[in-house]
Every structure is written in C-alpha cells, then in structure tokens.
Amino acid sequence: MPVSDDFQKAQRFREAALPYLDDVYTLARYLLRDASDAEDAVQECYLRALKHFDSYRGPAMKPWLFAILRNVCNAEYARRAHSHAAIEDTPGAADQTPMWQENEASPETEVLRSRDAGAIRKMIDALAEPFKETFVLREINNLSYREIAEAVGAPVGTVMSRLARARAMLRAAWTAEEEHSK
Amino acid sequence: MTCDEAQILLHALLDNELDAGHAREVEAHIASCPACAAELAAQREMKRVLADTKLSYSAPAGLRARIEASMPQARPQPSRRSVLRGFAMGSAVSALAASGVVAVVLRQDDQQRILSEVVSAHLRSLQAGHLIDVVSTDQHTVKPWFNGKLDVAPPVIDLTAQGFTLVGGRLDYVDARAIGAVVYKRRQHIINLFVSQTASTEHRPPKTQTMQGFNCRRWGERGLNFWAVSDIGGDELTEFVDKFEAAMKVNVEG
Numbered sequence: 001m002p003v004s005d006d007f008q009k010a011q012r013f014r015e016a017a018l019p020y021l022d023d024v025y026t027l028a029r030y031l032l033r034d035a036s037d038a039e040d041a042v043q044e045c046y047l048r049a050l051k052h053f054d055s056y057r058g059p060a061m062k063p064w065l066f067a068i069l070r071n072v073c074n075a076e077y078a079r080r081a082h083s084h085a086a087i088e089d090t091p092g093a094a095d096q097t098p099m100w101q102e103n104e105a106s107p108e109t110e111v112l113r114s115r116d117a118g119a120i121r122k123m124i125d126a127l128a129e130p131f132k133e134t135f136v137l138r139e140i141n142n143l144s145y146r147e148i149a150e151a152v153g154a155p156v157g158t159v160m161s162r163l164a165r166a167r168a169m170l171r172a173a174w175t176a177e178e179e180h181s182k
Numbered sequence: 001m002t003c004d005e006a007q008i009l010l011h012a013l014l015d016n017e018l019d020a021g022h023a024r025e026v027e028a029h030i031a032s033c034p035a036c037a038a039e040l041a042a043q044r045e046m047k048r049v050l051a052d053t054k055l056s057y058s059a060p061a062g063l064r065a066r067i068e069a070s071m072p073q074a075r076p077q078p079s080r081r082s083v084l085r086g087f088a089m090g091s092a093v094s095a096l097a098a099s100g101v102v103a104v105v106l107r108q109d110d111q112q113r114i115l116s117e118v119v120s121a122h123l124r125s126l127q128a129g130h131l132i133d134v135v136s137t138d139q140h141t142v143k144p145w146f147n148g149k150l151d152v153a154p155p156v157i158d159l160t161a162q163g164f165t166l167v168g169g170r171l172d173y174v175d176a177r178a179i180g181a182v183v184y185k186r187r188q189h190i191i192n193l194f195v196s197q198t199a200s201t202e203h204r205p206p207k208t209q210t211m212q213g214f215n216c217r218r219w220g221e222r223g224l225n226f227w228a229v230s231d232i233g234g235d236e237l238t239e240f241v242d243k244f245e246a247a248m249k250v251n252v253e254g
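If you read the sequences in order, they're chains A and B.
First residue of the first sequence: 1, per full-length UniProt numbering; consecutive thereafter.
First residue of the second sequence: 1, per full-length UniProt numbering; consecutive thereafter.
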C-alpha cells in the first residue's frame, strides 16, 4: 500500500495538533464572539498550520497554533473593519479604565458573588483588546507568561501589564454588575 | 517598590511567575500597604471563582470531522499500481487484497467504493499495528471514549457472554470521514464493527457481501450505518450481527 509523505505528515500533525482543538476553538470564540465565525477561523487555522508544519520547530504546539489563529482572526477583524479594531494596543480603550481603584470603604476583601459561566463569559467578551486576549490565554488556555509572549509576539513585560489591566477591568465590571443587581 | 509596580507584579505573584527574589519584594510591599494587600486578596478571590467555572468551550464534533476530512487521508484511491505493489509485498494478506481488485476496478459505484474502503480500513487495522486506540473490554470505558471525537455515538455493546469479546475502539477514516470502529474478537479472529451516521432512519436489513476474501455484513438502524468486517465465516458473522442487533434492541428498549 503506498503511503504518501503527505499522509505521514498529516498523521504526525494530527497527533501533535488535534489534541488542542478545544483550546484553539475556545480562544477563537472569545476573540470573534461568534460561534460560526470561530469554527471557520479554527478550520482555517488548522489548514494553515498543516501547511507550515514542515517549518515548525517547537518548542510548544499550543502557542504556535494560537499565533496562527491570531493571524486568521486579524484577517477576520479586517473584514469586519467597521465594528471591531484589530488586536493592537488601543491606548484610548486602556485609559478609559483606571488600572485599579482604591477601595475607600474598607480594605477588607470584597467577596465576589459566584456567577454562572454564561454571565462571566459575557463579561470577558466585553473586555477590550488586547487585554481580553491576554486574559483568555492566561486564565482559560493556561499558558505561561512566556508562552503568551510567544503567541502574541510581545515582550513578557507587556504581557504582564496587559494581564494586570485585564483583571482590573474584569473585576470592575463584575463589582459594577453586582451593584447594579442589588 | 511603588504601588504602581506592585499592582502589576502581584498578578505574577498569583500566577507563580515570579522568581524568589521578586516574590519576596512584592510580599514585603504588600505587608506594608493595605491597599495593595486588599487588591491581592480580591484578585486571588476572583481567580478562585474563575477557576471553579467552566469558561472554556468544546469544539463541535462537526468541526473536528471537517478538519479531519480536509487532511490527506490514509487511503489513496485504489489504483492498479497499488495492487501490483500489494502483490510485490507477497504476504498472504496482500494476495487476498489483490484478488479483490477486479471488483474494485470494475464496479466503482458508491456502495462498492465504500465497501472497498471499509475492507481497506479493516486490513489497515490488522497490518499497521493500529487496531485499537482505546483498549478495554468494558463497554462503559469504550463508549465514552468516542465522545467528542465523532459526530455519532457508536453503540458499544459487550457480547462476551455471546462468544464475541469486546477488545476496544478506534477512530478510522472511510469515505474521507472520521468513523468509529468497535473491535471484537472471536477466537483469534478480529471483527471490526464500523459505525457512521446516515440521513436515513429506516431499518435496512443486514446483507453480506464478500470482498478481498473478507466477509462484510452491512445494515442500517436508527440513523446509523453499520459494517461488520471479518475473516470469520459468513454464518459466524451473521451470528455476530444477530446478537449485536438483539442486544442493541434490549439496550434501547430496556
């Protein structure tokens, strides 16, 4: 039975990349906020990844796939140009939310009410880029700072400040919603 | 350390990303700064709540199948050249495969093509040492293993008491699609039971065909297509399918 090189390559790729399908799909859902756009983007991501699999030298498969997915998503952002900005630093968006707010009432920890997954996903969805992306990569995809830096092509220091800001924004949104629902 | 620095570094502390030296510095600042201490506690609490919530998504089975289908598939279309190479290999199995060639070349209608792919998948499972992805004689281990890998849930039924031992399950590719294979053993003979989805929900009675020296019994039931392939005799394969169908009926109605 002739087994072509293409098939062997595809088989290696399958074993290396398909176990991360849920991770890649999760990131796509958060970045694109649309289930069917996310599916298209993930499929395109795997197509491109297979095409470039020959040049893949590691180290980790997950950040590599995420980097490819980001490029696919950026193309999708460009297509949607009027409604979304690409994943770039948008100083305006960042400045609107203060890094952190002093809790004047009491230094006690405010206990956040547990919310259902749907409500939390919505709050994460509402975060501005590139903070949302960094947050999802760290908190949901479980990448290390170094891997996030690799996937998004930014220095680790930038990753750290984006993550701090993302968490501050999320917490602000969370407490605001609790105030609102009281 | 200033509060501005601490407000960033406390996250790295939470994520265990700081080396011991920096971690001590942040902790020293936090010990002397109630505002930063409160922020650390609040962020720790948020992280805890987030960790307890399922925020990831699962890729739909259809997406997985589409990606699988877009990759180069295991089996190239049968050609005369591959047949000759089969001969050249000289093994008994290849000779069997080669003897079925006439049928492959002459009758390339859909049913026949799929049958030939099913038989090829059966052959591949014997040759390549890739018979089983999940090894278990327990149907409650094999069945959940398929979850999320396919757009169907293949019925996995233990027929050990009826003389057909469940040995495991596998993902295979037929007609450029991922398909479930449940593997049984009868003495030293392997039976591959392939299961795929079909639009038709009507019952199609089992029919045995022979190809490349293998018996293949196929039938349709409840929106699923089944192909049982083995080198055991036609009557034994019929017995297998009868027992499988009877057990499936009990499972559904019981």
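All residues carry an ideal CB built from backbone N, CA and C; glycine is no exception.
Note that this is a predicted model, so its numbers are computed, not measured.
Residue i - containing alpha helix (DSSP H), residue span
i	result
residue 222(B)	Segment: none, residue 222(B) is in no alpha helix (DSSP H) and carries neither H nor E.
residue 43(A)	35–51
residue 183(A)	Since the first and last residues shown for chain A are 1 and 182, residue 183(A) lies out of range.
residue 26(A)	21–32
residue 184(B)	Residue 184(B) -> not in any alpha helix (DSSP H); beta strand (DSSP E) instead, spanning 177–186.
residue 9(A)	5–17
residue 49(B)	34–51
residue 62(B)	61–70
Residues that residue i contacts on chain A, provided the C-beta gap is smaller than 7 Å
i	result
residue 121(B)	Residues of chain A passing the Cβ test: none, with the nearest at roughly 12 Å.
Chain-ordered neighbours of residue i on chain A, where CB pairs are closer than 8 Å
i	result
residue 211(B)	Near residue 211(B) there are no residues of chain A at all, since even the closest Cβ is about 16 Å away, more than 8 Å.
residue 189(B)	Here the premise fails: no neighbours, minimum Cβ distance about 22 Å.
residue 11(B)	160, 163, 164, 167
Residue i burial status per 10 Å Cβ neighbour count (16 or more: buried)
i	result
residue 160(B)	exposed
residue 20(B)	exposed
residue 179(A)	exposed
residue 63(A)	buried
residue 117(A)	exposed
residue 255(B)	Given a span of 1 to 254 for chain B in the structure shown, any question on residue 255(B) remains unanswerable.
residue 5(B)	exposed
residue 215(B)	buried
residue 125(B)	buried
residue 150(A)	buried
residue 155(A)	exposed
residue 73(A)	buried
residue 55(A)	exposed
residue 210(B)	exposed
CA-to-CA distance, residue j to residue i, given in whole angstroms
i	j	result
residue 39(B)	residue 7(B)	8 Å
residue 150(B)	residue 23(B)	46 Å
residue 224(B)	residue 80(A)	40 Å
residue 121(A)	residue 139(A)	12 Å
residue 251(B)	residue 41(A)	40 Å
residue 164(B)	residue 116(B)	24 Å
residue 201(B)	residue 219(B)	11 Å
residue 46(A)	residue 148(A)	19 Å
residue 31(B)	residue 3(B)	12 Å
residue 25(B)	residue 34(B)	15 Å
residue 65(B)	residue 13(B)	41 Å
residue 233(B)	residue 243(B)	15 Å
residue 206(B)	residue 136(B)	27 Å
residue 145(B)	residue 131(A)	36 Å
residue 153(A)	residue 29(B)	31 Å
residue 142(B)	residue 188(B)	21 Å
residue 48(A)	residue 69(B)	15 Å
residue 229(B)	residue 18(A)	28 Å
residue 77(A)	residue 125(A)	15 Å
residue 181(A)	residue 169(A)	18 Å
residue 185(B)	residue 231(B)	11 Å
residue 162(B)	residue 119(B)	25 Å
Residue i - containing beta strand (DSSP E), residue span
i	result
residue 157(A)	Run containing residue 157(A): none in the beta strand (DSSP E); it sits in the alpha helix (DSSP H), 156–181.
residue 189(B)	189–197
residue 18(B)	First-last for residue 18(B): undefined, no H or E at that position.
Residues that residue i contacts on chain B, provided the C-beta gap is smaller than 9 Å
i	result
residue 231(A)	Because chain A is modelled from 1 through 182, residue 231(A) falls outside the range shown and cannot be assessed.
residue 120(A)	49, 50, 53, 55
residue 39(A)	59, 60, 62, 63, 66
residue 22(A)	56, 57, 58, 59, 148
Inter-residue CB distance, residue i and residue j (contact presumed, cutoff 8 Å)
i	j	result
residue 170(B)	residue 196(B)	Their Cβ separation, rounded to whole angstroms, is 13 Å, which puts residue 170(B) and residue 196(B) out of contact at 8 Å.
residue 132(B)	residue 168(B)	4 Å
residue 240(B)	residue 191(B)	6 Å
residue 25(A)	residue 38(A)	6 Å
residue 167(A)	residue 11(B)	6 Å
residue 28(A)	residue 65(A)	Not confirmed; about 11 Å, so no contact.
residue 17(B)	residue 144(A)	7 Å
Residue i: contacting residues in chain B (beta-carbon distance under 7 Å)
i	result
residue 50(A)	71
residue 139(A)	50
residue 6(A)	72
residue 47(A)	70
residue 134(A)	Going along chain B, no residue has its Cβ under 7 Å from residue 134(A), so there is no contact; the nearest lies around 11 Å.
residue 77(A)	Those within 7 Å of residue 77(A) in chain B number zero; the least Cβ separation is about 19 Å.
Neighbouring residues, chain A, relative to residue i (Cβ below 9 Å)
i	result
residue 5(B)	Within chain A, no residue comes near residue 5(B); the closest Cβ sits about 10 Å away, beyond 9 Å.
residue 46(B)	112, 167, 170, 171, 174
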